[in-house]
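Please read the structure below before turning to the comments.
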Ligand code: GAP
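Residue numbers (the working numbering): 747 to 1305.
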């Protein structure tokens, strides 16, 4: 991964945002190569999923013919959108801060950041007072609970804090037989980083972590001049809601009928507690989302169709099957309205061997979203959104009250459509394709000596530069001919002209950028108007007529 990160900076794929000021955590800029790569990925997605979609035939695996279209909605929307979507009340992570160094951690990441020996060492250092437990052989659970509650109130400064006694007691009860637990079992439970009521040590400094608390991930801002609660607004944490709230507009303004997928590509923002792993978890990122609206009776079939189609798409663009998995969520992981969710995961090189990171989620969302935006839910316990007080000062956090159901004009049936949501991250996708493309091999340099070559083997559709054009030497009319070729290709693709330095070195630079084809004008070109095309992966060089070069590159691009 270090080599990939270094190459990204060296060759202009990715830079840390605001780097000259020391950078800002969780934000990344795309350089000249990166911007082309990411744009190519988004274009490939839009072309394959929406633009080139065939709505006249039943595609393999699909229950019937369907339509696809797109929208582009705003980043800031009415705050009620986030109330009804559930993000205002529920979109949070549990976080913990260190009492000593003040660093913040996602609670579910802390145990994974500690080694077992760090945890045990910390336990030994802080939990001296628990040694009295070792004296006892058997504990009554009720007695243990009283003891822990007393301890939780009176933890001396510097000693291990005790969190979530009731949760721990529940876990003890599942181990306890007949209402009591042995000292050995109890110490095992106390000593397990994941199940212990004792605060974990800070992974950064070994200090004591505070109890986990909720932290909403939405960035907030204000609309208008007054920074009052009435003007509170949020940066969208997903593009999906822009599609749901426009469902009626799209249906009313077009001749589409269901099944219909509405797509959107755009920025999303999440105030991640611990952004990390390069662009994998950022605070500002781009999503490519489809909300696919269909009849409830067909939704399970559509779910399977989209899951398999999305999995295949990554492979068609060059991700190896060995580094990609489709992980179906366990039934216990599913939301109550969902019959299935699957994640497409990639073996990113920053993860431990055998682990995968999410690239895209495909979720069966039932009618949850449209229904929430129609009806909302009056949940007395949920905190009211202050901006939504009605004339009596009462919270009115119901939905829009608009009818978002669909009437089938042929059968006359009226229903709230079910939704299948393939939701991909453009930045995570770009990162996966960068990781997948990185190769080192042995190739001869200009003197014939074998050297390690770094080559980015991007699929030609994704490659930032499609072709580079070189005159072999900067004289004898070669640059003039090379420029003619360059300008002809440039009308169709991003191409690069380079006449500086040894040609071998120019090839190497293009290999690192992932340029699939290098075209060289040499002495023979002056005689018979042929040029060489060098293939990045096979290193094969063939001569082709210079006048047919646009068609030749086009043919190769199409595969
Ligand atoms: N509308 C559903 C939704 O947003 P999600 O699983 O939270 O679902 C979908 O996000 C995709 O967006 C993820 O699979 C990932 O590719 C990308 N994504 C989510 N959070 C991200 C982050 N902090 N940084 C980069 N990409 C992220």
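No residue lacks a Cβ here, since even glycine has one placed at the ideal position from N, Cα and C. Here the structure is a predicted model, which is why all the values come from computation and not from measurement.
Q.
I'd like the span of the alpha helix (DSSP H) that includes residue 1029, first residue to last.
A. Careful: residue 1029 lies outside any alpha helix (DSSP H) and carries neither H nor E.
(Q) DSSP three-state label for residue 1126, please. (A) Confidence is the limiting factor: at residue 1126 the pLDDT is only 46, short of 50, which leaves the residue's position unreliable, though a coordinate-based value still follows. DSSP places residue 1126 in coil when its eight states are reduced to three.
Q: Starting from the C-beta of residue 788, find all residues in its chain whose C-beta is less than 7 Å away, skip the five residues before and the five after it, and write them out in chain order.
A: 1011, 1034 and 1172
Q) Should residue 955 be labelled buried (16 or more other beta-carbon atoms within 10 Å of its own) or exposed? A) buried
Q.
Quick check on DSSP: helix, strand or coil for residue 981?
A. strand
(Q) Beta-carbon within less than 7 Å of residue 1175's beta-carbon, same chain only, minus the 5 sequence neighbours each way: which residues are those? (A) 787 and 1105
Q | Segments assigned beta strand (DSSP E), at least 3 residues, entirely inside the segment 1050-1104 | A | 1070-1074 and 1087-1092
Q: Determine, using beta carbons only, whether residue 1214 and residue 1244 come nearer to each other than 8 Å.
A: yes
(Q) Just to confirm, is the Cβ distance from residue 982 to residue 821 under 8 Å? (A) yes
**Q.** Residue from 1268, 1075 and 1007 whose Cα sits closest to the Cα of residue 1276
**A.** 1268
Q: Using the Cα positions of residue 804 and residue 810, report the straight-line distance between them to the nearest angstrom.
A: 5 Å
Q) So, using beta-carbon positions, are residue 830 and residue 1119 closer together than 8 Å? A) yes
Q | C-alpha gap between residue 777 and residue 758, whole angstroms | A | 5 Å
Q) Can you name the residues that DSSP bridges to residue 1207? A) None, per the DSSP bridge assignment.
Q: Starting from residue 1258, follow the alpha helix (DSSP H) in both directions and report where the run begins and ends.
A: 1249-1259
Q) In three-state DSSP terms, what is residue 1283? A) coil
Q) Ordered along the chain, which non-local residues of its own chain (more than five positions away) have a Cβ less than 6 Å from that of residue 816? A) 796 and 1009
Q.
Is residue 1033 a contact residue of the ligand GAP, with contact defined as CB to any heavy atom under 7 Å?
A. yes
Q | Residue of 1274, 1282, 1234 and 1271 minimising C-alpha distance to residue 1256 | A | 1282
Q: Determine, using beta carbons only, whether residue 1161 and residue 1151 come nearer to each other than 8 Å.
A: yes
Q: Could you tell me the distance, in whole angstroms, from the CA atom of residue 914 to the CA atom of residue 892?
A: 12 Å
Q.
To the nearest angstrom, how far is the alpha carbon of residue 832 from that of residue 1031?
A. 21 Å
Q: Measure the C-alpha to C-alpha separation of residue 1288 and residue 1166 and round it to an integer number of angstroms.
A: 47 Å
Q: Report whether the distance from the Cβ of residue 854 to the nearest heavy atom of the ligand GAP is below 7 Å.
A: no
Q: Can you tell me which of the three DSSP states residue 1272 falls into?
A: helix
Q: Classify residue 768 as buried or exposed, calling it buried when 16 or more other Cβ atoms lie within 10 Å of its own Cβ.
A: exposed
(Q) Is it buried or exposed, residue 1045, if we count other Cβ atoms within 10 angstroms and call 16 or more buried? (A) buried
Q: Run the proximity test for residue 1113: is its beta-carbon closer than 7 Å to any non-hydrogen atom belonging to the ligand GAP?
A: no
Q. Taking the alpha helix (DSSP H) that residue 855 falls in, what are its first and last residues?
A. 853-859
**Q.** Assigned exposure category for residue 874 - 16 Cβ within 10 Å defines buried
**A.** The predicted position of residue 874 is uncertain, since its pLDDT is 43 and thus under 50; no value can be drawn from it.
Q: Can you grab the Cα-Cα spacing for the pair residue 828 / residue 838, in whole Å?
A: 13 Å
Q. If you count every other CB in all the chains shown that lies within 10 Å of the CB of residue 1225, and 16 or more means buried, which is it?
A. buried
(Q) Would you say the beta carbon of residue 1173 is closer than 7 Å to some non-hydrogen atom of the ligand GAP? (A) yes
(Q) Could you pull the DSSP bridge partners for residue 968 from this structure? (A) 978
Q) By a C-beta neighbour count over all protein chains shown, 10 Å radius and 16 as the cutoff for buried, is residue 1292 buried or exposed? A) buried
Q.
What does the alpha-carbon distance come out to for the pair residue 1133 and residue 1239?
A. Note that residue 1133 scores a pLDDT of 44, beneath 50, so its modelled location is shaky and nothing firm can be said.
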